[in-house]
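Report on one structure; see the data block that follows.
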Amino acid sequence: MSRHRQKKLPGGGRNQRLADQIQKDLAEMIQREVDTARAGLVTLTGVDLTPDYAHAKVYFTVMGAEPSQAETALNEKAGWLHSLLFKQLHIHTVPTLHFFHDRQMSRGMEMNRLIAQANTPGVKADELAESSQAGQDAREGIAPAEPSAPDDDRA
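For the sequence shown, this note's numbering begins at 301 and goes up steadily by one.
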């Protein structure tokens, strides 16, 4: 069941069943057909379908490759995976696939790390804030600031 679905839609039962089937079938296809050297080990975490079944957002996590590299590789193969899915599902409208890296796992791991660090005796609040900001900066690709030299302009 998709964790990304936020509200129930009319006829959502069929929509959810189809999303689950697409997730299952795509997972098998990706495991068999996509080059793991480029995309890494991909795990599908959810599929969200539009009500008209025209588009599917496919969420994944990856090990052994950069998420952006895996996302690019999967989106390049989306048309081919769509054609394989069409042959397997036997339904009138097979959605266009759009792959997105699922950041929920990395956010959850970061929260667990911060909680464990906060529960460690002797850790001060300032150290936690610095650690959290450093982790955020690293995820956003911001280089750590260089320590500045003290001003000796006092005469």
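Cβ atoms here follow ideal geometry from the backbone N, Cα and C, with glycine treated the same way. Computed from a predicted model, the values in this text were never measured in an experiment.
task: Using 10 angstroms around the beta-carbon of E371, count the other beta-carbons present and answer buried if the total reaches 16, otherwise exposed.
output: The sequence position of residue 371 within the sequence shown is 71, counting from 1. When all chains shown are included, E371 counts as buried.
task: Return the residue from the list E328, T350, G340 and I415 that minimises the CA-CA distance to T393.
output: As a working note, residue 393 is residue 93 in the sequence shown. Looking at the Cα atoms, T350 is the closest of the given residues.
message: In the DSSP assignment, the beta strand (DSSP E) including G346 goes from what residue to what residue?
response: Taking the sequence shown and counting its residues from 1, the one referred to as residue 346 is at position 46. Segment L341 to L349, the beta strand (DSSP E) holding G346.
task: Would you mind reading off the limits of the beta strand (DSSP E) that contains A365?
output: Translated into the one-based positions of the sequence shown, residue 365 becomes position 65. That residue, A365, is in no beta strand (DSSP E); it is neither H nor E in DSSP.
task: Just grab the DSSP bridge partners of F399 for me.
output: For the purposes of this step, residue 399 is taken as residue 99 along the sequence shown, with counting starting at 1. Answer is V358.
message: To the nearest angstrom, how far is the alpha carbon of H398 from that of E376?
response: For the purposes of this step, residue 398 is taken as the residue at position 98 of the sequence shown. For the purposes of this step, residue 376 is taken as the residue at position 76 of the sequence shown. Answer to the nearest angstrom: the Cα atoms are 10 Å apart.
message: Can you check which of these residues, G346, E328, S406 and G408, is closest to N315 by C-alpha distance?
response: As a working mapping, residue 315 is identified with position 15 in the sequence shown. Looking at the Cα atoms, G346 is the closest of the given residues.
query: When you compare only the Cα positions, how much space is there between E366 and L374?
result: Working through the sequence shown from its first residue, we reach residue 366 at position 66. Working through the sequence shown from its first residue, we reach residue 374 at position 74. Between E366 and L374, the C-alpha separation is close to 12 Å.
query: Taking buried to mean at least 16 other C-beta atoms within 10 Å of its own C-beta, is S313 buried or exposed?
result: Stepping through the sequence shown from its first residue, residue 313 is reached at position 13. In the sequence on display, residue 313 carries Gly and not Ser. Classification for G313: exposed.
message: Taking only three categories from DSSP, how would you classify H392?
response: By 1-based counting over the sequence shown, the position of residue 392 is 92. In this structure, H392 counts as coil in the three-state DSSP scheme.
- request: For G422, name the three-state secondary structure that DSSP assigns.
  value: Walking along the sequence shown from the start, residue 422 turns up at place 122. It is coil, neither helix nor strand.
query: Mapping DSSP to helix, strand and coil, what is D335?
result: Counted from its first residue, the sequence shown places residue 335 at position 35. Looking at D335 - three-state DSSP - the assignment turns out to be coil, as it is neither helix nor strand.
- prompt: Three-state secondary structure (DSSP) at D352?
  reply: Here residue 352 is taken as the residue at index 52 of the sequence shown, counted from 1. D352 falls in the coil class under three-state DSSP.
- prompt: Do you know offhand how far M301's Cα is from Q417's?
  reply: The residue labelled residue 301 in the question sits at position 1 within the sequence shown. The residue labelled residue 417 in the question sits at position 117 within the sequence shown. With a pLDDT of only 44 at M301, under 50, the local geometry of the prediction cannot be trusted, and no value is derived from it.
task: Go ahead and pull the three-state DSSP assignment for R314.
output: As a working note, residue 314 is residue 14 in the sequence shown. Three-state result, R314: helix.
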